[in-house]
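Add 3 to the 1-based position in the sequence shown for this note's numbering, that's all there is to it. C-beta: ideal position from N, C-alpha, C; glycine also. Below: one structure, written as structure tokens.
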Amino acid sequence: MKNMKNIIILLVSILLTGGILLVADQGLRPLIDAAGSGAYEETLTGFFEGAEEFIKVDLTDESGPIKEIYEVPNMGYAYILESKGFGPEPILYAMGIQNDGTISGYEVLASTETMGYGDRIEQEEFTSTVIGKASTTSFDVLAGATVSSSAVVEGLSAATAHFNEVMGVEPGEATEEEKAPAPISFGAKLPLFREVSEKNQGVILSQEEDGDVIRYTVEVNGYAVGEYGADGVPNTMVVTVNPTEKIIVSVTEVVSHDTKNLGDKIENEEFLKQFENLSYADESVEVDAISAATISSESIFNGILKAIKETNSEGENMYNIENHKIGFLRNNPVLGAALGLTTALTVTSSLSSGLFMGLLTLVLVVLAAVLGGLVKKFTPAQILIPVNVILVAFLAKMGQLLVEAYAPMLSSQVGLFLPLLAVNSLILFATGAM
Numbered sequence: 004m005k006n007m008k009n010i011i012i013l014l015v016s017i018l019l020t021g022g023i024l025l026v027a028d029q030g031l032r033p034l035i036d037a038a039g040s041g042a043y044e045e046t047l048t049g050f051f052e053g054a055e056e057f058i059k060v061d062l063t064d065e066s067g068p069i070k071e072i073y074e075v076p077n078m079g080y081a082y083i084l085e086s087k088g089f090g091p092e093p094i095l096y097a098m099g100i101q102n103d104g105t106i107s108g109y110e111v112l113a114s115t116e117t118m119g120y121g122d123r124i125e126q127e128e129f130t131s132t133v134i135g136k137a138s139t140t141s142f143d144v145l146a147g148a149t150v151s152s153s154a155v156v157e158g159l160s161a162a163t164a165h166f167n168e169v170m171g172v173e174p175g176e177a178t179e180e181e182k183a184p185a186p187i188s189f190g191a192k193l194p195l196f197r198e199v200s201e202k203n204q205g206v207i208l209s210q211e212e213d214g215d216v217i218r219y220t221v222e223v224n225g226y227a228v229g230e231y232g233a234d235g236v237p238n239t240m241v242v243t244v245n246p247t248e249k250i251i252v253s254v255t256e257v258v259s260h261d262t263k264n265l266g267d268k269i270e271n272e273e274f275l276k277q278f279e280n281l282s283y284a285d286e287s288v289e290v291d292a293i294s295a296a297t298i299s300s301e302s303i304f305n306g307i308l309k310a311i312k313e314t315n316s317e318g319e320n321m322y323n324i325e326n327h328k329i330g331f332l333r334n335n336p337v338l339g340a341a342l343g344l345t346t347a348l349t350v351t352s353s354l355s356s357g358l359f360m361g362l363l364t365l366v367l368v369v370l371a372a373v374l375g376g377l378v379k380k381f382t383p384a385q386i387l388i389p390v391n392v393i394l395v396a397f398l399a400k401m402g403q404l405l406v407e408a409y410a411p412m413l414s415s416q417v418g419l420f421l422p423l424l425a426v427n428s429l430i431l432f433a434t435g436a437m
């Protein structure tokens, strides 16, 4: 009889919370649907001056970076795109293409990319390479922000491909000049001395002393085996160092296994020439990375660092850790989340999101505490945990509906936050701390 009572309580809990969520969903659905276009209306109107209507187009494939498509009558198409970059949350951005094939707008709507690096996708150096171009244009990634910009380029390319297909635009055959390999170009300068993950540190295959110099053959992971690439073959090089003078004599015999006509540009003599007789006595020395091949370029830098470290028994102390303390939490979102920090600390470019999530945390935790107290008072101990699980799931879903209805611009960033909050609340329930 007692077990039957517990089963009835569980069924009532499920039916009650499920019923409330169903009613809430039906009541908030018009707001959520309206927010879909309304949330982006100001941005999209900026892409199409004088536009009066944005008609939502049904997606045939929701697995790609295209999140929403809007037809702008007699003017063109607008796209809401979402791609996973380097940050903890996907990049949300918009793009507009006029009927003549001109890209009339591009804007990042929400981003948690690293400040000073990945967030350059929001700045003129990148936007100027997109806005005003034709829909048949291919887009370049940013040196020093390869992962973030590659994610955005993927979405932009998907949007232009859809537009070209709908409008019947033929990409056209590339000219012989366009088919020829692009000349090497350098992106931003990067510090030679910096922290390198264990996976990407070089491995000394052999060494040979010749007077004052030491010649190292080094193997190091590039893009093909890096943190963002697939399994492949490491790059190799020969680094000649004069440890007495603290000079890199040369970097030669580079063999790249990275992307053809992109990552393999690290074999280019113009790139390698910058290392000839380069002094590393000053640890602030910077070197040029190849534009759009940052990870491959860094493989060469990492190989050089390994050779320098091998010549110095105190190599572990050569890194200036102070330079990285400021960005420690910022570039380690998982650690930040584990410490219970909000997005405002883990990603400094999203202060408003952090404040919103902090307020949401306060509201939900207080609500959970009140409801949790009632649950403890009227629920048998044998089913306390499953009832709490139902309650936490209810609060998380209700919070999601409210965010989608009243703060749609933050819905993509709060998506991971609410389940984490639910799990934390469950732990508090289970331990009796709430």
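| Item | Value |
| --- | --- |
| Exposure label - G30; buried when at least 16 CB within 10 Å | exposed |
| Beta-ladder partner(s) of K59, from DSSP | Y73 |
| Distance CB(V378)-CB(V390) smaller than 8 Å | yes |
| Proximal residues to T314 (C-beta, below 7 Å), its chain only, five neighbours per side dropped | I217, V244, P246 |
| Three-state secondary structure assigned by DSSP to E110 | strand |
| Local conformation of K268 per DSSP, three classes | helix |
| Top-ranked residue by Cα proximity to K400, from V254, L24, L18 | L24 |
| Residue range of the unbroken beta strand (DSSP E) whose run includes G306 | Segment 297-314 is the alpha helix (DSSP H) holding G306; no beta strand (DSSP E) there. |
| At least 3 beta-carbon pairs within less than 8 Å: the segment 109-128 vs the segment 251-268 | no |
| Of the listed residues I72, I303, V252, K276, nearest to S259 (C-alpha basis) | I303 |
| Separation of T297 from I12, as counted between CA atoms | 59 Å |
| Cβ contact (3+ pairs, closer than 8 Å) linking the segment 270-281 and the segment 158-174 | no |
| Nearest-angstrom Cβ-Cβ length linking A97 and I106, presumed shorter than 8 Å | No, A97 and I106 are not in contact; Cβ-Cβ is about 11 Å, not under 8 Å. |
| Residue from V236, V254, K249, I250 whose Cα sits closest to the Cα of V242 | V254 |
| Sequence-distant residues of the same chain with beta carbon closer than 7 Å to I207, five excluded per side | Y219, V221, K309, E313 |
| Environment of P237 [buried if 16+ CB atoms lie within 10 Å] | buried |
| Cβ pair V257, Q277 closer than 8 Å | no |
| Whole-number beta carbon distance between A54 and V26, since they are thought to touch under 8 Å | Contact doesn't hold; Cβ gap of about 35 Å is too wide. |
| K136 versus G108 - alpha carbon distance | 10 Å |
| Rounded straight-line distance, which links the Cα of I307 to that of L281 | 11 Å |
| C-beta contact flag for A295 and A146 at 8 Å | yes |
| N-terminal and C-terminal residue of the beta strand (DSSP E) that A223 is part of | Here residue 223 turns out to be Val, not Ala, going by the sequence shown. Residues 216-223. |
| Length of the line joining the Cα atoms of G205 and K249 | 19 Å |
| Three-state class that DSSP yields for M78 in the structure shown | coil |
| Separation of L374 from F381, as counted between CA atoms | 11 Å |
| Nearest neighbour of K268, chosen from Y80, Y226, Q126 [CA to CA] | Y226 |
| Short Cβ contact (8 Å threshold) for F57 with G99 | no |
| C-beta contact flag for S160 and F142 at 8 Å | yes |
| Closest residue to T140 among G104, S152, M118, S151 (Cα-Cα distance) | G104 |
| Proximity below 8 Å, CB of Y73 to CB of K59 | yes |
| CA-to-CA distance, T130 to I251, given in whole angstroms | 38 Å |
| CB of S300 within 8 Å of CB of I311, strictly | no |
| E85 vs P93 beta-carbon contact at 8 Å | yes |
| Backbone secondary structure at M170 - three-state DSSP | helix |
| Contact belief for D195 with V288 at Cβ below 8 Å, rounded distance in angstroms | Just to set this straight, residue 195 is Leu in the shown sequence, not Asp. Sure, about 5 Å apart at Cβ, within 8 Å. |
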